[in-house]
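Read through the structure below, which is laid out as structure tokens, and then see the notes.
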Amino acid sequence: MTARTTTSPLLARAGVISFLALATVGGTLVVPGATGDAEAASTSASALRIAASKKGAPYKYGASGPYRFDCSGLTLYSFKRAGKRLPRTAAAQYNRTRHLSASARRLGDLVFFHSRRGIYHVGIYAGNGKIWHAPKPGTVVRLERIWSRSVSYGRVR
0 MTARTTTSPL
10 LARAGVISFL
20 ALATVGGTLV
30 VPGATGDAEA
40 ASTSASALRI
50 AASKKGAPYK
60 YGASGPYRFD
70 CSGLTLYSFK
80 RAGKRLPRTA
90 AAQYNRTRHL
100 SASARRLGDL
110 VFFHSRRGIY
120 HVGIYAGNGK
130 IWHAPKPGTV
140 VRLERIWSRS
150 VSYGRVR
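For the sequence shown, numbering that gives the first Met the number 0 begins at 0 and goes up steadily by one.
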């Protein structure tokens, strides 16, 4: 075996690593056909950071920021600042998202709470079964565990 055949797999690996390093732009891998998912993930991650930055902001029915929020006002505000438009109410936001299974949810996806009467609450998925949301009058924007099994997930397009 010559040195050339011994190092060939190493050079091939180095070539792949160099390609990946060159294809990475600002922490996002550039792959043909994957720009939609990468862009959605980036937008959702930004919206999640924006919602988290509003920790402690008081709940106010009908408010959509920047200092007071209701549940759909927080999601509307967060995604608007991240560059996406959403309708005003939780039910309308549900109708505007791509619906997902719990196993397909990612950070920044919307979590919709529902009853027999329809969608009644929305938050932004933060991982580990938790959401950022504006719960109800007398509370503030906070991180909280998902408390119900009657939830659906949606990804903002």
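C-beta atoms are modelled at their ideal positions from N, C-alpha and C, and glycine is treated no differently.
Just so we're clear, the structure is a prediction, and the values are computed from it rather than from any experiment.
Pop quiz: residue i and residue j are said to be a contact at Cβ under 8 Å. What is the actual Cβ separation, rounded to whole angstroms?
{"i": "residue 152", "j": "residue 110", "result": "6 Å"}
{"i": "residue 107", "j": "residue 123", "result": "6 Å"}
Under a three-way DSSP split, which group does residue i fall into?
{"i": "residue 60", "result": "coil"}
{"i": "residue 152", "result": "strand"}
{"i": "residue 31", "result": "Reliability fails at residue 31, whose pLDDT of 44 lies under 50, so the model's placement of it is uncertain and no value is given."}
Go through its chain and collect everything with a Cβ distance to residue i's Cβ below 8 Å, but skip five positions before and after it.
{"i": "residue 33", "result": "Unreliable placement is indicated for residue 33, whose pLDDT of 44 sits below 50; the coordinate value is still reported in the next sentence. There are no such residues."}
{"i": "residue 147", "result": "112"}
I'd like the list of long-range same chain contacts for residue i, defined as Cβ closer than 6 Å, with 5 residues on each side in sequence excluded.
{"i": "residue 57", "result": "67 and 139"}
{"i": "residue 132", "result": "70 and 122"}
In chain order, what residues of the same chain have a beta carbon less than 7 Å from the beta carbon of residue i, not counting five sequence neighbours either side?
{"i": "residue 90", "result": "117 and 118"}
Unbroken stretches of the beta strand (DSSP E), 3 residues or longer, contained in the segment 49-136: 97-99, 109-114, 117-126 and 129-132
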